[in-house]
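Chains as they are written, first to last, in the working numbering: chain F, 109 to 496; chain Z, 139 to 460; chain W, 5 to 291.
Glycine residues also receive a C-beta, built at the ideal position from the N, C-alpha and C atoms.
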Amino acid sequence: MKRNSILAAASVFALISGGAMAQETLKIGALVTMSGAGASWGNGMKRAAEMAAEDVNETGGLDVGGTKYMVEVIAYDDSYKANEAVTAANRLVFEDKVKYIIGTVGSAPILAIQPITEENGVITMTLGFTAQALTADKPYTFRPNPTTAEVAQPQIDWIVKTQGVKTVGALFPKDETGEAIAKDLAGAYEKAGATLAATEFFERDRVDFIPLLTRIIAQGVDAIELDGNSPVTAGQIVQQARDLGFEGVILRTGGPATQEIVNVAGEAATEGMFVHSAFDPGVESAKAYEDRYVATYNEPMNGFSPFFYDGTKMLFQAMQDAGTVEDTEAVKAALEGISDYGGILGTMNWTGEDRYGIAHQLDSPFYIARVTGGQEEIVARCTSAGCE
Amino acid sequence: MSMSATSSAPAFQPMTVVWIAGIVLAALIPWFTGSVFHFHIAIMVCISAMATGGLAVIAWVGQLSLAHAAFAGIGAYTSVLLVTRLDVPVLLGLPAGALVAGAVAFIIGAPLLRLRGVYFVLITFALNELFRLIMLDIPEFSGGSSGIAGIPKISLFGVTLSNYQSVYPFALFCLALVMGLLVLIRRGQLGRRFAAVEENLALAESSGIPTAKTQTIAFTIGSAIAGFSGAFLAHYVGFISPETFGFQLSVSYVIMLVTGGRLALWGPLVGALFLTPLPEFLRGAVEYQHVIYGVVLIAVLRFLPRGLAGLPRQLSRKGGRG
Amino acid sequence: MSFLIAQSLINGVILGTLYLLMAIGFTLAFGVMRIVNFAHGEFYMVGAFCALIGVTWLGLPFPVTLALTIAVAILLGALVERVVFRPFRNDELSGMIASLGLAMILQHGALILFGPDPQAFPALVSGVFKWGALIVPKSRALALGVGIVILLIFYIFLMHTRHGRALRAIVQDQEVAAVFGVRLEIMYPLGLGLGVALAAVAGGLMAPLFGVSPFIGATPLLKAFIVVILGGLGSIPGAALAAILLGLIESFTSSFVSASAADIVTFALVIVVLLVRPAGLLGRAEA
Numbered sequence: 109m110k111r112n113s114i115l116a117a118a119s120v121f122a123l124i125s126g127g128a129m130a131q132e133t134l135k136i137g138a139l140v141t142m143s144g145a146g147a148s149w150g151n152g153m154k155r156a157a158e159m160a161a162e163d164v165n166e167t168g169g170l171d172v173g174g175t176k177y178m179v180e181v182i183a184y185d186d187s188y189k190a191n192e193a194v195t196a197a198n199r200l201v202f203e204d205k206v207k208y209i210i211g212t213v214g215s216a217p218i219l220a221i222q223p224i225t226e227e228n229g230v231i232t233m234t235l236g237f238t239a240q241a242l243t244a245d246k247p248y249t250f251r252p253n254p255t256t257a258e259v260a261q262p263q264i265d266w267i268v269k270t271q272g273v274k275t276v277g278a279l280f281p282k283d284e285t286g287e288a289i290a291k292d293l294a295g296a297y298e299k300a301g302a303t304l305a306a307t308e309f310f311e312r313d314r315v316d317f318i319p320l321l322t323r324i325i326a327q328g329v330d331a332i333e334l335d336g337n338s339p340v341t342a343g344q345i346v347q348q349a350r351d352l353g354f355e356g357v358i359l360r361t362g363g364p365a366t367q368e369i370v371n372v373a374g375e376a377a378t379e380g381m382f383v384h385s386a387f388d389p390g391v392e393s394a395k396a397y398e399d400r401y402v403a404t405y406n407e408p409m410n411g412f413s414p415f416f417y418d419g420t421k422m423l424f425q426a427m428q429d430a431g432t433v434e435d436t437e438a439v440k441a442a443l444e445g446i447s448d449y450g451g452i453l454g455t456m457n458w459t460g461e462d463r464y465g466i467a468h469q470l471d472s473p474f475y476i477a478r479v480t481g482g483q484e485e486i487v488a489r490c491t492s493a494g495c496e
Numbered sequence: 139m140s141m142s143a144t145s146s147a148p149a150f151q152p153m154t155v156v157w158i159a160g161i162v163l164a165a166l167i168p169w170f171t172g173s174v175f176h177f178h179i180a181i182m183v184c185i186s187a188m189a190t191g192g193l194a195v196i197a198w199v200g201q202l203s204l205a206h207a208a209f210a211g212i213g214a215y216t217s218v219l220l221v222t223r224l225d226v227p228v229l230l231g232l233p234a235g236a237l238v239a240g241a242v243a244f245i246i247g248a249p250l251l252r253l254r255g256v257y258f259v260l261i262t263f264a265l266n267e268l269f270r271l272i273m274l275d276i277p278e279f280s281g282g283s284s285g286i287a288g289i290p291k292i293s294l295f296g297v298t299l300s301n302y303q304s305v306y307p308f309a310l311f312c313l314a315l316v317m318g319l320l321v322l323i324r325r326g327q328l329g330r331r332f333a334a335v336e337e338n339l340a341l342a343e344s345s346g347i348p349t350a351k352t353q354t355i356a357f358t359i360g361s362a363i364a365g366f367s368g369a370f371l372a373h374y375v376g377f378i379s380p381e382t383f384g385f386q387l388s389v390s391y392v393i394m395l396v397t398g399g400r401l402a403l404w405g406p407l408v409g410a411l412f413l414t415p416l417p418e419f420l421r422g423a424v425e426y427q428h429v430i431y432g433v434v435l436i437a438v439l440r441f442l443p444r445g446l447a448g449l450p451r452q453l454s455r456k457g458g459r460g
Numbered sequence: 005m006s007f008l009i010a011q012s013l014i015n016g017v018i019l020g021t022l023y024l025l026m027a028i029g030f031t032l033a034f035g036v037m038r039i040v041n042f043a044h045g046e047f048y049m050v051g052a053f054c055a056l057i058g059v060t061w062l063g064l065p066f067p068v069t070l071a072l073t074i075a076v077a078i079l080l081g082a083l084v085e086r087v088v089f090r091p092f093r094n095d096e097l098s099g100m101i102a103s104l105g106l107a108m109i110l111q112h113g114a115l116i117l118f119g120p121d122p123q124a125f126p127a128l129v130s131g132v133f134k135w136g137a138l139i140v141p142k143s144r145a146l147a148l149g150v151g152i153v154i155l156l157i158f159y160i161f162l163m164h165t166r167h168g169r170a171l172r173a174i175v176q177d178q179e180v181a182a183v184f185g186v187r188l189e190i191m192y193p194l195g196l197g198l199g200v201a202l203a204a205v206a207g208g209l210m211a212p213l214f215g216v217s218p219f220i221g222a223t224p225l226l227k228a229f230i231v232v233i234l235g236g237l238g239s240i241p242g243a244a245l246a247a248i249l250l251g252l253i254e255s256f257t258s259s260f261v262s263a264s265a266a267d268i269v270t271f272a273l274v275i276v277v278l279l280v281r282p283a284g285l286l287g288r289a290e291a
């Protein structure tokens, strides 16, 4: 009889999930990476959705077409793996019956879940940097954060012009993000009148960059570009490049990660580094969000988090505009129709028609900052048109 | 590792019947609940069980392969490339994946299998890494680190299995084929040779069993099954990349095999059935899930050396004594 | 070009010494207990966190922290030996699989305790030593120096103390050692404890160089693996030779070809060595 109970235990799991559907509850999925190296980003995204939900719940719920909805965030982990993401997406879509998913962190996971989400009309908001995530035949996918493709050119133009950089060296992880960014950056430097002279690709978990940096520095580059690397890796590259006596410009034209880089490399090594920043602490709402994040979770804020807070809020507004939470086609159309949205980071608009064939890429203001004493100090303000 | 009682099958016929009944019942769960998600989980169980079944065949000659994910990857890439580049029907792509994975295993098997125990584990570990690194380096075939997305779904004679309810019967059918193959091997002369090699290589050699050939056969069959499961996975999930078939996947097959029962016929099935759904309990807090995996693994090794599949016998024996 | 060669040589030797520290504990645990310890990298991670806690939370000086790390690690290793590995003493495969479980528990335990973000580790020294165009970062020189001192102490312990001789006897032949009165009950926990301590001290030493997070154990484990396969499981001189060799191969291939070539060359070499000389460069042939 015992054997039956084992089998039962092994299979009963399935019967437990789901749960009673409370009245007027709006479920949102957060399909993000919560274990493994992508967890910093995943937590930032999940918490953004949670805080956005908290905001509307505090006021008695989200008012859509006269009905109040309490928002519930269901968070599942994908461990940054495509297979795990597919299972979690299946569970969210078919079991939890969510119509909206904040996620995924990675490029591979979003490409893997799109067949499910697009077919079932589930709106996703992904961080994945791959250009393939946004295409005309994937109308339900949105990306609320700018990628290298959006921010690289104006920043690189500015750096090349003001810092007199001619040749640049860069290390990229050998993964989908690294390869995409390497291509974008090479084009951007070319356009700005400089060259990405030395590039190296390395296995993602590599920690010793001294041999690669030795080679890059030996080629006499003026600057080292960090874009495309995870915060930890970028920190290690900075530290080891400075250890090797590299005195040129170090810059990162995409991906908010300054705090982590400083943590790893230390203040001395990062002094004078130029970084991309989406975050101006001078903007009151942005500062307030960071303070709230730190107070709530007792951890430094991940740089991508504010985008997903704004993204979730825009999603809520789209539901209200459309007057429905069920008809995602109407919500999608309403979301596309939002313009000049007053987000915590500034004014947001949809863009990307030219680049992706669909305007599902959020365009927001960004900055070039110089790291001084471990802190960002904004030196130029940018839009996709240029920096000054 | 000893398998003294395993070949005395007739004595435990009632037990086998109960096992089969239990497994059939478990297989029917998605139809009872009607949940699409349960169909998905059930399909994943089938795929994992097939792969783990392949690993079991290799374990039957006393070897533990940590390159199993790589062979699943070979099968997956073979089928996907055939289907997308040469317009081969998926139904032919799946066995082609098995064939190529098996062929690779056959070619490299002979030198590899001279190593035993931890040395074999180590070289297969290195092979799995090498596979991943090489695939990353040939993006024109593998899609590089971006992988291949939008892989065609499984279709049978022109009918595409577009939803989970229609994939599941086919997955069950494939699993039944694999398990049938396992039963045939186990009950046949080959199975007795495997067992002899597993138990005592030197003794088997001296009693006239061609041990090298026997091990190569097991490695080839097991890896071919892995290739088949990998191809199935690719067409089901619709996305593969070299990272899909990394060390972690190999480890998870090992964990399923050990948890189910390394040498038991039904071990792979029980292991997959138990461990594939387990993460769903903790989908929101996966760090705890991994800790639990670790504890389960060590506890099973310690207290259930025959795995979950051996639990009933272990219990009945204790009961008998008490 | 000659500058690049010299610089690669120096980089390679430094890297090799760091790998050796990892590999020697791994090979010792295998030599004594016949366990291929997949959790070895996680002990490196534990050591790094111990150092972090000592230096930043408790404000202890670095040498004191390292000593404490070693003490904690030896105790942890002995505990793990008793709770996890003891039942699998005569079963290499089960022991190895158990170590996979242990690795999961340790890594995700750290994730639960410390979160996924990398932690800041204050730099102990900064600046570089320069000889002409040649450059050695002081932080690496320090890690190298301390590493060599620890390896020397370990060598003296192994060659010139009673327990050290007993450990070597077990590595040579367990049964004979037992016949000659070596107490396995003490030697097993000691062997694993020392192996774990070497990994942990490597973690503590590398923490200022490579950062601290729950996921840092994977790379050192891989390196230890490669070194130990090349050098021969259980062979300490083999590990020494292979570690330096690996450091040089990585350094030169990365400097002159490319990083991914370095990885492929390494793994191809591992496979060739395993096929041609399964016992490794200096290992004893298996029975």
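(Q) Using a 10 Å radius around the Cβ and a threshold of 16 neighbouring Cβ atoms, would you call S148 (chain F) buried or exposed? (A) The residue you call residue 148 (chain F) lines up with position 40 of the first sequence. Classification for S148 (chain F): buried.
Q. For Q327 (chain F), is the classification buried or exposed, using 16 other Cβ atoms within 10 angstroms of its Cβ as the cut-off for buried?
A. For the purposes of this step, residue 327 (chain F) is taken as the residue at position 219 of the first sequence. Looking at its Cβ environment, which holds fewer than 16 other Cβ atoms inside 10 Å, Q327 (chain F) is exposed.
Q | Within chain F, the residues that L274 (chain Z) reaches when beta carbons sit closer than 7 Å | A | The residue given as residue 274 (chain Z) occupies position 136 in the second sequence. Within chain F, the residues near L274 (chain Z) are K282.
Q: Assign F310 (chain F) to one of three DSSP states: helix, strand, or coil.
A: One-based indexing of the first sequence puts residue 310 (chain F) at position 202. In the three-state reduction of the DSSP assignment, F310 (chain F) falls in the strand class.
(Q) Taking CB distances under 7 Å as the criterion, tell me whether G460 (chain Z) reaches chain W. (A) Within the second sequence, the letter at position 322 stands for residue 460 (chain Z). In this prediction, G460 (chain Z) scores a pLDDT of 36, lower than 50, which makes its location untrustworthy; no coordinate-derived value is stated.
Q. So who's on the other strand from G463 (chain Z), going by DSSP bridges?
A. Nothing can be reported for residue 463 (chain Z): it is not among the residues displayed for chain Z, which extend from 139 to 460.
**Q.** Residues near L251 (chain Z) by beta carbon distance below 8 Å, same chain, minus five either side
**A.** As a first step, residue 251 (chain Z) must be located in the second sequence, where it is residue number 113. Hits under 8 Å: Q201, F258, A350, Q353, T354, F357.
Q) Which residues share a DSSP beta bridge with C490 (chain F)? A) For the purposes of this step, residue 490 (chain F) is taken as the residue at position 382 of the first sequence. Paired residues: F:F474, F:C495.
Q. From Z:L315, Z:I430, Z:A340, Z:V218, pick the residue whose C-alpha is nearest to that of A287 (chain Z); which is it?
A. Indexing the second sequence from 1 puts residue 287 (chain Z) at position 149. For A287 (chain Z), the nearest C-alpha among the options comes from Z:V218.
Q | Stretch-stretch touch, CB-based, cutoff 8 Å, three pairs: the segment 228 to 242 of chain W with the segment 67 to 81 of chain W | A | Result no; under three Cβ-Cβ pairs closer than 8 Å.
Q) E381 (chain Z) lies in the beta strand (DSSP E); which residues open and close that run? A) Start at 1 with the first residue of the second sequence, and residue 381 (chain Z) comes out as number 243. Per DSSP, E381 (chain Z) is not a residue of any beta strand (DSSP E), being assigned neither H nor E.
Q.
Would you say R463 (chain F) lies against chain Z (beta-carbon separation less than 7 Å)?
A. Translated into positions along the first sequence, residue 463 (chain F) becomes position 355. Answer no: the Cβ-Cβ gap between R463 (chain F) and chain Z never drops below 7 Å.
Q: List the residues that DSSP assigns as beta-bridge partners of H384 (chain F).
A: Taking the first residue of the first sequence as 1, we reach residue 384 (chain F) at position 276. According to DSSP, H384 (chain F) bridges with F:I476.
Q) Based on Cα-Cα distance, which residue from F:M456, F:D292, F:A438 lies nearest to R463 (chain F)? A) Numbered from its first residue, the first sequence carries residue 463 (chain F) at position 355. Ranking the options by Cα distance to R463 (chain F), first place goes to F:D292.
Q. Buried or exposed: where does V183 (chain W) fall if 16 or more other Cβ atoms within 10 Å of its Cβ makes it buried?
A. The residue given as residue 183 (chain W) occupies position 179 in the third sequence. By the 10 Å Cβ count, V183 (chain W) comes out exposed.
Q. Considering only the beta carbon of each residue, do I452 (chain F) and Y405 (chain F) sit closer than 7 Å?
A. Taking the first sequence and counting its residues from 1, one reaches residue 452 (chain F) at position 344. Taking the first sequence and counting its residues from 1, one reaches residue 405 (chain F) at position 297. No, they are not a contact pair.
Q.
Determine whether the beta carbon atoms of G336 (chain F) and G286 (chain F) lie at a separation below 7 Å.
A. For the purposes of this step, residue 336 (chain F) is taken as residue 228 along the first sequence, with counting starting at 1. For the purposes of this step, residue 286 (chain F) is taken as residue 178 along the first sequence, with counting starting at 1. Yes.
(Q) Is A291 (chain W) close to chain F? Criterion is C-beta to C-beta, closer than 7 Å. (A) For the purposes of this step, residue 291 (chain W) is taken as residue 287 along the third sequence, with counting starting at 1. Because the pLDDT of A291 (chain W) is 33, which lies under 50, any placement of that residue in the model is unreliable, and the number read from its coordinates should be weighed accordingly. Taking Cβ atoms only, chain F never reaches closer than 7 Å to A291 (chain W), which makes this a no.
(Q) Could you check whether the Cβ of N337 (chain F) sits closer than 7 Å to any Cβ belonging to chain Z? (A) Locating residue 337 (chain F) in the first sequence gives position 229, where the first residue counts as 1. Not a single CB atom of chain Z sits nearer than 7 Å to the CB of N337 (chain F).
Q: Give the range of the alpha helix (DSSP H) segment to which T262 (chain Z) is assigned.
A: As a first step, residue 262 (chain Z) must be located in the second sequence, where it is residue number 124. Per DSSP, T262 (chain Z) belongs to the alpha helix (DSSP H) from 255 to 275.
(Q) What are the residues in the segment 247 to 274 of chain F lying within 7 Å of chain Z by C-beta distance? (A) none
Q: Return the residues of the segment 259 to 272 of chain Z that lie within a Cβ-Cβ distance of less than 8 Å from chain W, sorted by chain order.
A: V259, L260, I261, F263, A264, L265, E267, L268, L271, I272
Q.
Taking its Cβ as the centre, do 16 or more other Cβ atoms sit within 10 Å of A163 (chain W), making it buried, or is it exposed?
A. As a first step, residue 163 (chain W) is located in the third sequence; it is residue number 159 there, counting from the start. Position check: residue 163 (chain W) holds Met in this sequence, whereas Ala was assumed. M163 (chain W) is exposed by the Cβ-count criterion.
Q: Might you give, ordered along the chain, the residues of its own chain that have their beta carbon closer than 6 Å to the beta carbon of P417 (chain Z), omitting 5 neighbours on each side?
A: Taking the first residue of the second sequence as position 1, residue 417 (chain Z) is located at position 279. Result list for P417 (chain Z): Q427, in chain order.
Q: Might you give, ordered along the chain, the residues of its own chain that have their beta carbon closer than 8 Å to the beta carbon of G285 (chain Z), omitting 5 neighbours on each side?
A: Your numbering for residue 285 (chain Z) matches position 147 in the second sequence. So the list reads F377, I378, S379, P380, E381, T382, once near-sequence residues are dropped.
(Q) Here's the rule I'm using: 16 or more other beta-carbon atoms within 10 Å means buried, otherwise exposed. How should E484 (chain F) be labelled? (A) The count along the first sequence starts at 1 and reaches residue 484 (chain F) at position 376. With 16 or more Cβ atoms within 10 Å of its Cβ, E484 (chain F) is classed as buried.
Q. If you run the structure through DSSP and keep just helix, strand and coil, what is G363 (chain F)?
A. What you label residue 363 (chain F) is simply residue 255 of the first sequence in a count that begins at 1. Of the three classes helix, strand and coil, the one that applies to G363 (chain F) here is coil, per DSSP.
Q) What's the C-alpha gap between R86 (chain W) and V59 (chain W)? A) The count along the third sequence starts at 1 and reaches residue 86 (chain W) at position 82. The count along the third sequence starts at 1 and reaches residue 59 (chain W) at position 55. About 30 Å.
**Q.** Where G137 (chain F) falls: helix, strand or coil (DSSP)
**A.** What you label residue 137 (chain F) is simply residue 29 of the first sequence in a count that begins at 1. The DSSP-derived three-state label of G137 (chain F) is strand.
Q) Since W198 (chain Z) is in the beta strand (DSSP E), which residue starts that stretch and which ends it? A) Here the question's residue 198 (chain Z) lines up with position 60 in the second sequence. Premise fails: W198 (chain Z) is in no beta strand (DSSP E) and is neither H nor E.
Q. Given that L170 (chain F) touches chain Z, what residues does it touch there, using C-beta distances under 9 Å?
A. As a first step, residue 170 (chain F) is located in the first sequence; it is residue number 62 there, counting from the start. In chain order: nothing, as chain Z lies at least about 22 Å away.
**Q.** Reduced DSSP category for R331 (chain Z) - H, G, I as helix; E, B as strand; rest coil
**A.** Mapped onto the second sequence, residue 331 (chain Z) falls at position 193. Looking at R331 (chain Z) - three-state DSSP - the assignment turns out to be helix.
Q: Mind reading off the beta-carbon distance from T432 (chain F) to G174 (chain F)? Whole number of angstroms is fine, and I expect it under 8 Å.
A: Counted from its first residue, the first sequence places residue 432 (chain F) at position 324. Counted from its first residue, the first sequence places residue 174 (chain F) at position 66. Wrong, their Cβ atoms sit about 11 Å apart, outside the cutoff.
**Q.** Element boundaries [beta strand (DSSP E), containing P193 (chain W)]
**A.** Residue numbering aside, residue 193 (chain W) sits at position 189 when the third sequence is read from its first letter. First-last for P193 (chain W): 188 to 214, but that is the alpha helix (DSSP H), not the beta strand (DSSP E).
**Q.** Complete beta strand (DSSP E) runs within the segment 151 to 211 of chain F (minimum length 3 residues, chain order)
**A.** 170 to 172, 175 to 185, 208 to 211
Q: Could you tell me if M153 (chain F) is buried or exposed, where buried requires 16 or more neighbouring beta carbons within 10 angstroms of its beta carbon?
A: The residue labelled residue 153 (chain F) in the question sits at position 45 within the first sequence. Buried, because 16 or more other Cβ atoms sit within 10 Å of the Cβ of M153 (chain F).
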